[in-house]
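Residue numbers (our numbering): 98 to 369.
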């Protein structure tokens, strides 16, 4: 019974994540969904700005605080290891759904690209960003990243083993392709409103701060192995490097933003 509840909880958390992730595409692109970054609750600007900043701040705090090793040591006193990652995914999804629901409209238009070719190019960047986000999760282990592997192993009565430090494909180009994809998707807007700008600036600030915390944790855990990775591969901007990236798919932990997101037991387990 306990094993069935564990895998059911993990599956439910993942399904709620899929809803939150899918809605994020429509929210950022102002397409297909009723509440978007450009079409939220009507409010005067003096109310909209602090409320939206509070929602973004809640998102950042939830992601970053729950990512810290000290919090995880405290948290896992009460949350079983098998569902720790699923619980993180569930809470992160809940915060995102709250943000979508309570976002205040700030419709003032800052720019609009009217040239059809330009709009198509920006939309292509938007979808490229989301493709990078999704594909980068599968370049490590998508199901471990979102807690399904943990609950599946618990359901089978098998111990959880961490995956290796792997730097496949995009992880050989930048250390945090997941976050790069988010930045591309959130800034690629043919029509930029004040609300969209606030959202993009807030998420960008969160990412830059969170990555510093994450890199500190990864360096503390992996030591020289991760410092060498830092020397050879840029953090976010895919600039050419003078040194070739050697194959190291069998080291002790997953790299980049997804390493922090995935490591449910050690450092953290996406996008703190």
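Virtual Cβ for every residue (Gly too), placed ideally from N, Cα, C.
On a predicted model such as this, the values are computed, not experimentally measured, just so you know.
For residue 310, name the three-state secondary structure that DSSP assigns.
-> Judged by DSSP in its simplified three-state form, residue 310 adopts helix.
Beta-carbon separation of residue 205 and residue 285 under 9 Å?
-> No, these two residues do not count as a Cβ contact at 9 Å.
Jot down the residue ranges of each uninterrupted beta strand (DSSP E) in the segment 182-245, minimum 3 residues, whole runs only, in chain order.
-> 206-209, all fully within the segment 182-245.
Hey, quick one: how far does the beta strand (DSSP E) through residue 289 stretch, first residue to last?
-> Looking at the DSSP string, the run of the beta strand (DSSP E) that includes residue 289 is 288-290.
In its own chain, which residues sit with a C-beta less than 7 Å from the C-beta of residue 266, not counting the 5 before and 5 after it?
-> Around residue 266, the same chain offers 236 as residues with beta carbons nearer than 7 Å, after the five sequence neighbours per side are excluded.
Could you pull the start and end residues of the alpha helix (DSSP H) that residue 405 belongs to?
-> Because the chain here runs from 98 to 369, residue 405 falls outside it and cannot be looked at.
Please look up how many angstroms separate the CB atoms of residue 193 and residue 121, rounded, as I've assumed it's under 8 Å.
-> With a Cβ gap of about 7 Å, residue 193 and residue 121 count as contacting.
Note down the Cα distance separating residue 282 from residue 158, rounded to an integer number of angstroms.
-> Taking the straight line from one Cα to the other gives about 22 Å.
Backbone CA spacing between residue 231 and residue 171 [nearest angstrom] | Each residue's Cα considered, the two are about 31 Å apart.
Is residue 269 near residue 327, with beta carbons less than 9 Å apart?
-> Their beta carbons are not under 9 Å apart, which means residue 269 does not touch residue 327 by this criterion.
Under 9 Å between C-beta atoms of residue 262 and residue 323 = In this structure, residue 323 lies closer than 9 Å to residue 262 by Cβ.
Would you call residue 311 buried or exposed, if buried means 16 or more other Cβ atoms sit within 10 Å of its Cβ?
-> A buried status is given to residue 311, since no fewer than 16 other beta-carbon atoms sit within 10 Å of its beta-carbon.
DSSP state of residue 148, grouped into three classes?
-> The DSSP-derived three-state label of residue 148 is helix.
With a 10 Å radius around its C-beta and 16 neighbouring C-beta atoms as the bar for buried, classify residue 295 as buried or exposed.
-> Counting of Cβ neighbours within 10 angstroms places residue 295 among the buried residues, the total reaching 16 or more.
Reduced DSSP secondary structure (H/G/I, E/B, other) of residue 138 | The three-state reading of DSSP puts residue 138 in strand, counting E and B together.
Using the rule of at least 16 other Cβ atoms within 10 Å of the residue's Cβ for burial, across every protein chain shown, is residue 255 buried or exposed?
-> Around the beta-carbon of residue 255, fewer than 16 other beta-carbon atoms lie within 10 Å, marking it exposed.
Can you give the beta carbon distance from residue 299 to residue 195, rounded, assuming they're within the 8 Å contact cut?
-> 15 Å between Cβ atoms; not a contact.
In whole angstroms, what separates the C-alpha of residue 287 from that of residue 329?
-> Those two C-alpha atoms are separated by around 34 Å.
Cα-Cα separation, residue 167 to residue 208 | Computed Cα separation, rounded: 44 Å.
Thinking C-alpha only, which one of 133, 200, 107 is nearest residue 242?
-> Between residue 242 and the set 133, 200, 107, the nearest pair of CA atoms involves 107.
In angstroms with no decimal places, state the Cα-to-Cα distance between residue 258 and residue 181.
-> Cα-Cα distance, rounded: 14 Å.
Do residue 75 and residue 291 have their C-beta atoms within less than 9 Å of each other?
-> Because the chain here runs from 98 to 369, residue 75 falls outside it and cannot be looked at.
Do residue 238 and residue 260 come within 9 Å of each other at the CB atom, strictly closer than that value?
-> For residue 260 and residue 238, yes; Cβs fall inside 9 Å.
Mark residue 211 as exposed unless 16 or more other C-beta atoms lie within 10 angstroms of its C-beta, in which case mark it buried.
-> It counts as exposed.
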